[in-house]
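Inspection log for the structure reproduced underneath, given as structure tokens.
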Amino acid sequence: MPHVLDLASRSFWQLTGRRVDLDGSEQWLDAPVSSSARVGTEWIGAEAARHGGVLGADDPDAGLLPSMSVLDGPGFAADRLNPLIRDFYEHTSTWRMDVWSGWTPVFWPAGEMVSRLWGRRVEQLALPMRPLDVAHGMDSRVTPVRNHDGVQIASAWTRTLRESGRTVFSGAYSARTLPGAESPSVHVAFPLESGNLQVFLRPSVTADGGLLLESPRGSFGENGAYVVVRGAGAHAARVPLHETFRVYVDPHGVLRTDHELRVWGAAALRLHYRLDRAS
């Protein structure tokens with residue numbers, strides 16, 4: 022039986038969103054969904070099956086993208102990236118991460134409510150609310166999702182808290198080109214029951230070889246965040262969540278990421294990641 026909060030949220034997005042054709046003009050929003058309220062990892066096999074493929078054994082060398090060159094185009098050239106950054110995205114399974122989090126006080130109550138009522142219950146988008154929540158770091162598992170021809174169409178990245186084993190995020194990562202865009206974006210889809218949250222991030226290379234990923238303000242069909250609900254037809258809405266990832270190598274040769282989440286234009290959450298190759 023669906024949870025009343027989930028039913029209410031889906032009804033809200035159906036009322037405020039627009040009708041979309043995921044097999045036609047809005048196919049760029051076609052992404053995996055969960056068949057149950059608790060997301061888990063079952064969606065990964067279902068997504069492979071949907072594309073005529075099957076899941077093989079875990080790949081200890083798997084990356085979020087098969088190659089950063091899949092993002093090449095006007096404004097982005099993978100060969101300008103620092104080699105450590107390329108290695109992380111192309112061989113993510115071989116890296117470990119430590120995380121620090123900090124909420125803006127005004128947004129902390131809303132974040133706590135979302136975490137308690139949705140995130141922890143569905144084991145998805147369970148943003149850490151306190152620094153000690155992630156004091157022992159995160160573990161991650163990357164599972165390539167391949168179609169019937171064996172071509173990687175996405176990578177499922179599941180992140181869990183190292184101390185408790187609780188799932189924090191579970192998403193599908195790929196490169197996808199938006200309508201009318203000249204270059205691909207990084208596409209991240211977080212499955213939910215009968216829908217998903219999707220983020221399209223515009224990539225660029227900084228002067229020092231760092232990677233900048235941004236989901237700015239814009240119109241429907243441009244980079245940004247979207248909620249999609251499937252039911253009697255599909256509905257989608259652009260939501261005022263904007264993210265910036267700055268991936269860089271510090272002066273000591275350590276790979277780091279600064280992640281900022283904004284609601285409209287106001288900073289809500291900052292995360293900092295230290296990334297090290299697993300021993």
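Each residue of the sequence shown is one higher than the one before, counting from 22 in this note's numbering. Yeah, the Cβ is synthetic: ideal placement off N, Cα and C, and Gly gets one too. A quick note: this is a predicted structure, and the numbers were derived from the prediction, not measured.
Residues bridged to residue i (per DSSP)
i	result
Arg40	His256
Met134	Paired residues: none, contrary to the question.
Trp49	Note: Trp49 sits in no beta bridge, so no partner.
Gln35	Bridge partners of Gln35: none, in fact.
Ala58	Note: Ala58 sits in no beta bridge, so no partner.
Asp80	Its beta-bridge partners do not exist; DSSP assigns none.
Thr227	Note: Thr227 sits in no beta bridge, so no partner.
Asp271	Asp271 is not bridged to any residue.
Ala288	Arg283
Residue i (DSSP reduced to helix, strand or coil)
i	result
Gly192	strand
Glu214	strand
Glu68	helix
Val143	helix
Phe241	coil
Pro261	coil
Asp297	strand
Leu27	It should be noted that the sequence gives Asp, not Leu, for residue 27. Looking at Asp27 - three-state DSSP - the assignment turns out to be helix.
8 Å Cβ cutoff met for residue i and residue j
i	j	result
Thr265	Glu235	yes
Glu144	Val60	yes
Thr164	Leu76	yes
Ser55	Trp64	yes
Val250	Gly216	yes
Ala257	Thr125	no
Ala52	Ala253	no
Asp108	Gly158	no
Val226	Phe33	no
Arg267	Leu233	yes
Glu111	Met134	no
Asp296	Thr278	Reading off the sequence shown, one finds Leu at residue 296, where the question assumed Asp. Yes. Within cutoff.
Leu105	Leu276	yes
Asp229	Tyr269	yes
Rounded C-alpha distance that separates residue i from residue j
i	j	result
Val189	Arg141	8 Å
Ala70	Asn168	8 Å
Tyr294	Arg117	10 Å
Leu16	Pro212	Past the boundaries of the shown model lies residue 16; the chain is included only from 22 to 300, so the question cannot be answered.
Ala156	Ser300	20 Å
Ser114	Arg162	6 Å
Gly132	Leu282	12 Å
Thr181	Ser191	9 Å
Asp93	Leu199	14 Å
Gly201	Gly45	15 Å
Leu102	Pro224	11 Å
Ala255	Gln35	8 Å
Quiz item: Fully enclosed by the region 86 to 134, which beta strand (DSSP E) runs are 3 residues long or longer?
Solution: Along the region 86 to 134, the beta strand (DSSP E) occurs as fully enclosed runs of 3 or more residues at 116 to 124, listed in sequence order.
Exercise. Output the residue ranges of the beta strand (DSSP E) runs that lie fully inside the region 147 to 205 and measure 3 residues or longer, sorted by chain position.
Key: Counting only runs of 3+ residues, the beta strand (DSSP E) found wholly inside the region 147 to 205 occupies 159 to 167, 173 to 182 and 188 to 197, in chain order.
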